[in-house]
Ligand code: ZN
């Protein structure tokens, strides 16, 4: 399986990063080795001094597809989940400055936290989610605030690569990203239901 991540998909996050709103989805991949397994803590890697959390809605692909028309995208998922795209922001900044790929900043081991529970959905509208750090809300948004919704994302990505059963799509993060420290606890919620909890070590 592969993990597809969308960058800059919320206006407020593009703004906080000082970047323009994109005119087509921006995506990158994480390998399956990036998955943070259930209930494991996240260990801050020694190659970064500034790891950020980015909470994101995740869609799981249930059917193989290529060049999917956006109006049929909804045949390719039925559940939504929540996770964190852990990002070594200091390394990412260096990659951007040099025009290098982002893998060392985005695709390292444990950089893709996927909550255990996925929820069946009938609509992609009004899916509210939030991230709490040490009990305080640090990120909060709704699927309605995405620049490109999941149907457009599926259509766009599948022009370039075949989607397979079990592939995960991280749909981008809203504003409020920030750094983590040893001892922090992060908890993610969809519509007030707790989807994950992770301790930072
Ligand atoms: Zn992200």
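In the numbering used here, the protein residues as written are 3 to 203.
Using N, Cα and C, we set each Cβ at its ideal position, and we do this for glycine too.
So residue i and residue j are in contact, right, with Cβ under 8 angstroms, and what is the actual spacing, rounded?
{"i": "residue 90", "j": "residue 114", "result": "Rounded, the Cβ-Cβ distance is 13 angstroms, inconsistent with contact."}
{"i": "residue 44", "j": "residue 88", "result": "7 angstroms"}
{"i": "residue 15", "j": "residue 179", "result": "7 angstroms"}
{"i": "residue 82", "j": "residue 133", "result": "Not quite, the Cβ-Cβ distance comes to about 15 angstroms (not below 8 angstroms), so this is no contact."}
{"i": "residue 187", "j": "residue 136", "result": "6 angstroms"}
Which partner residues does residue i have in the DSSP bridge list?
{"i": "residue 202", "result": "44"}
{"i": "residue 53", "result": "90"}
Distance check for residue j and residue i, CA to CA, integer angstroms please.
{"i": "residue 52", "j": "residue 182", "result": "8 angstroms"}
{"i": "residue 158", "j": "residue 25", "result": "12 angstroms"}
{"i": "residue 111", "j": "residue 77", "result": "31 angstroms"}
{"i": "residue 105", "j": "residue 130", "result": "29 angstroms"}
{"i": "residue 102", "j": "residue 118", "result": "33 angstroms"}
{"i": "residue 109", "j": "residue 33", "result": "6 angstroms"}
Short check: CB of residue i to CB of residue j, under 8 angstroms?
{"i": "residue 145", "j": "residue 128", "result": "yes"}
{"i": "residue 150", "j": "residue 85", "result": "no"}
{"i": "residue 152", "j": "residue 79", "result": "yes"}
{"i": "residue 170", "j": "residue 46", "result": "no"}
{"i": "residue 202", "j": "residue 185", "result": "yes"}
State whether the stretch 39-50 contacts the stretch 4-15, with contact taken as three or more CB pairs (one from each stretch) at a distance under 8 angstroms.
-> no
Touching or not, the stretch 56-69 and the stretch 91-103, by the rule of three or more beta carbon pairs under 8 angstroms?
-> no
Validate contact between the stretch 18-31 and the stretch 120-134 using beta carbons, cut 8 angstroms, 3 pairs = no
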